[in-house]
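Notes to accompany the following structure.
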Amino acid sequence: MDFRTRDRWLAVNYAATIFISAFLLFQIQPLISKYILPWFGGSAAVWTTCLLFFQTLLFAGYAYAHAANTWLTPRRQAAVHLALILAAVAMLGVLPGDQWQPRSYHDPVRQILIILAVSVGLPYFVLSATGPLLQAWFARSFPGRMPYRLYALSNLGSLIALVSYPFVFERAFDLPRQALLWSAGFLLFALCCAYGAWRLWTSSSLSPTRGRESAAADSPTWATPRWFHRLAWLLWPAFGSVVLLATTNRVTTDIAAIPFLWIVPLALYLVTFIIAFDRPAWYRSTLVAALMLVAIYAAAVVHRLGVGYKDVVDAGTPGLVYSLFLAPTEKSPEVHISTTEFLVVNFTAMFAICMLCHGELVRQRPDPRYLTSYYLLIAAGGALGGAFVILVAPQIFKTFYEWELSLLVGCVLAIGFILRALVNFIFGSEDKPSRKPAQYLLLAGVVLAVFLPSAVILLDLSEYLQPPIGQAKLRTRNFFGTLAVLDRGDTPLTHMFFLKHGAITHGAQYTHETRRREPTTYYGRTSGAARTIDYFRQQLTSGRMNLGVVGLGTGTLAAYADKGDAVTFYEINPAVIEIAESGRWFTFLKDCRSRDAQCEVHLGDARLTLERELHPASERPVSSPPHVDGEGSGAASPQQYHILALDAFSGDAVPIHLLTVEAFELYLAHLSTPTDGAPGETASPLHQHGAIAVHISNRYLNLEPVVRGIARHFGLFAIYIEDEDDDKHAVYSSDWMILTRNERLADELSHFAEEQAPYAPTILWTDNHSSLFDILK
């Protein structure tokens, strides 16, 4: 084989290794995040915390690559990197074991970071260092050839990994098989990288200095970067990272914490890198800035109006345009925004801002001599942005205000770029022909035409995106999201408090003594949950009704408990428990206990807690809030619930891990059964099969096929009950599905059920295999 052929194969190997490493880098992110998501209650913050880990480790890998390229000879670089690869292969274990499941939720961010470090830390570090290190090897091996297109190739590999995950891997393979495929891919990467390291070892006789001089010999002569260039390399990617994570937080909190909604913004983020590094000529700052203004304004107005929450009118695209741009006030006609429209508005704004950040970043790229330091600062900026959103913002903001703040900063940047373009046009190079006074007047008019609307937009945005301080009785934020207690009502009889999680109402209660026990929002007297409770209540002659509820909110379902009954709530968010237990705004739990009913709240993820109640763990938490049992009751037998209500929300959706086959096996084990009745006798309500009431109200996801799939799998009756709004009693429309083996209960509820289509679709989820594509509205 001649040298030319060997060089061609070496170049192909460099490209293939970089592509594979980038693919694996971004394939592991949704895989491991989805695996540990149920351990932390399906919180949207799981993904952003994982992103912080991956960004930080990416920075560590780039720092290692920069140090190796600066201080080590080529042979030592090859030896050290090969040793790291072998160590990563020896420690290859993608999915963490059950022993890493959390026992408490006092510091979930730290727990997630430790789990990721133990399971994928070293392999991810090696993969993250490979991109910049092999680009430096490429520049050394092929002097005069610019390595920056390899960075675009790297981002292309990352993009393909992200796009293929929800469309191919998540749908075709369960999680253990996905992990196995990823491990096989890592072995392929190790072989390719080992070949490159071997070629560097056998053929390199250059010192680091000579290598850099040779690589730069035929490249463009660029000035040595100054401090403000390096600061720009840090700040542009930092702001882009803030916008990415803030937008992801907003979208997943309002819709659902699912891989698809993690991947789309990250994929768009990578597209901006690909365009900027592979096709710099496509980037036009003025055009991107104009797109930013429109997209940011649309996202801000949607955020301000909260369209789709009240009397919704499906006005179509003309109505949407009118509401967003021609009449952006709270008295504007309400327009229904579909899932797609909501995502497009938010993702377009994010894409435009990131495009501006990365376009400007590429405009200031240095000579390949400074390649690793350039990538190092890019990675550092990404990690700083992630640290701000995950670690700093929750300490200084009570809401997800970093999203609103990033839009305001993006708007200012966009206006600045547009004005800069106009100034450059007016006061351009001296060789431009002289202009007449009329032309200057025309140009002044153009400046005013841009400046005045921009000023209006900024004023509007400053109102739409202001922090909502003083508009609530309480605002708090933690790992599980943002909570707010709002009060409404003009008279003592209508005054009530609402609990909001993000934009979603999690319960409300009247404050007047005569109305405090009225069940409100999704739990009215004609809701599916209430009718199921009524069934057991009407036939109950002795003993107590035993009710379990997954998801506390304000504790509204406790309003149905009477003397001798037992109500057990399962709640993962300590802040929700503190609000519901305080009795300051909501007294459902307090009033329930005052009626001599037993009312407990178990702190922790419902599935993990129910599992420990079925098979008690030896460890228990050190402390728990009042009336709270941190890890379950400790009983070695099922809870024998007559009704187990699933009402745990993550944004506007039940977390996926609460709707799988394995989850319902656990729920059914905790339901009451008729086995205690005497043979030949009609079972009393206490000895009948219990029921699972699933709250499926959702603006974005159609959960009915999933629940019907569960019912078919276990041979359960499935009764779908819709309830309508009742403004007089603050009752919202709600959709409940009741699953049971109790034929008598099914017959009673069928009078209130919606008629089922002859061939209603069904979807079956398991812990290892689930996808939301088929249920998006």
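All residue numbers for the sequence shown refer to the numbering used here, where the first residue is 164 and numbers rise by one.
All residues carry an ideal CB built from backbone N, CA and C; glycine is no exception.
Residue i classed as buried or exposed, judged by whether at least 16 other C-beta atoms fall within 10 angstroms
i    : result
K197 : buried
P193 : buried
F936 : exposed
N129 : In the structure displayed, the chain extends from 164 to 940; residue 129 sits before or after that span and is not available.
P339 : exposed
E593 : The pLDDT assigned to E593 is 48, lower than 50, so where the model puts this residue is not dependable; a value taken from the coordinates is nonetheless given after this. By the 10 Å Cβ count, E593 comes out exposed.
G687 : buried
D270 : exposed
Q190 : buried
L822 : buried
Q701 : exposed
L487 : With a pLDDT of only 46 at L487, under the threshold of 50, the placement of this residue in the model should not be trusted; the figure read from the coordinates follows. The residue in question, L487, is buried, as its Cβ has 16 or more Cβ neighbours within 10 Å.
A253 : exposed
S913 : exposed
E681 : buried
D886 : buried
W399 : buried
T654 : exposed
S757 : exposed
F563 : buried
R651 : exposed
Reference residue i, options the options, closest by Cα
i    : options                   : result
F881 : D697, R238 and G691       : According to the sequence provided, residue 881 is Ala. The question's Phe does not apply to it. Selected option, being the one with the closest Cα: G691.
V507 : L188, K561, V857 and T411 : T411
V575 : A452, W300, S536 and L554 : A452
H932 : T695, P271, V824 and P737 : V824
Y830 : R239, R871 and T772       : T772
A874 : T925, S835 and K726       : T925
V289 : T695, L571 and A246       : A246
G853 : A893, E906 and D810       : E906
L394 : A543, G652, G522 and A185 : A543
T683 : T657, A462 and M708       : T657
R447 : L433, P428, L519 and W390 : L519
Y733 : P801, D810, T750 and F751 : D810
I248 : Q262, N232, P286 and L279 : P286
G573 : Y804, M513 and K753       : M513
W566 : I581, G665, T503 and S536 : G665
L425 : H521, F560 and I195       : This sequence places Trp at residue 425; Leu is not what is there. It is I195.
Reduced DSSP secondary structure (H/G/I, E/B, other) of residue i
i    : result
S896 : coil
N865 : coil
H244 : helix
V289 : helix
K663 : strand
I191 : helix
T372 : Annotation note: pLDDT 40 at T372 (below 50); position unreliable, no value reported.
T684 : strand
Y446 : coil
T387 : coil
D261 : helix
T654 : coil
D530 : coil
L710 : strand
L456 : helix
D889 : strand
L939 : strand
L822 : coil
L997 : No answer is possible for residue 997: it lies beyond the span of the chain, which begins at 164 and ends at 940.
S206 : coil
Beta-ladder partner(s) of residue i, from DSSP
i    : result
F880 : T903
A671 : F661
R640 : T645
E741 : Answer is none; E741 lacks a bridge partner.
H932 : T929
A856 : A808 and I901
L834 : Y804
Check: residue i C-beta below 6 Å from any heavy atom of the ligand SAM
i    : result
A760 : What this structure holds is no ligand at all, so the ligand SAM is not there to describe.
Any 3 or more C-beta pairs closer than 8 Å across the stretch 290-307 and the stretch 222-236: yes
Are there three or more Cβ pairs, one per stretch, closer than 8 Å when the stretch 642-653 is compared with the stretch 857-864? no
May I ask you to verify whether the stretch 311-322 touches the stretch 230-244, counting CB pairs closer than 8 Å and requiring at least 3? no
Is there contact here, the stretch 541-557 with the stretch 443-457, by at least three beta-carbon pairs under 8 Å? As far as the Cβ criterion goes, the stretch 541-557 does not touch the stretch 443-457, which means the pair count is below three.
Determine contact between the stretch 210-220 and the stretch 340-353, defined as no fewer than three beta-carbon pairs at a distance below 8 Å. no
Assess contact between the stretch 326-335 and the stretch 256-267, defined as three or more Cβ pairs (one per stretch) separated by less than 8 Å. Is contact present? no
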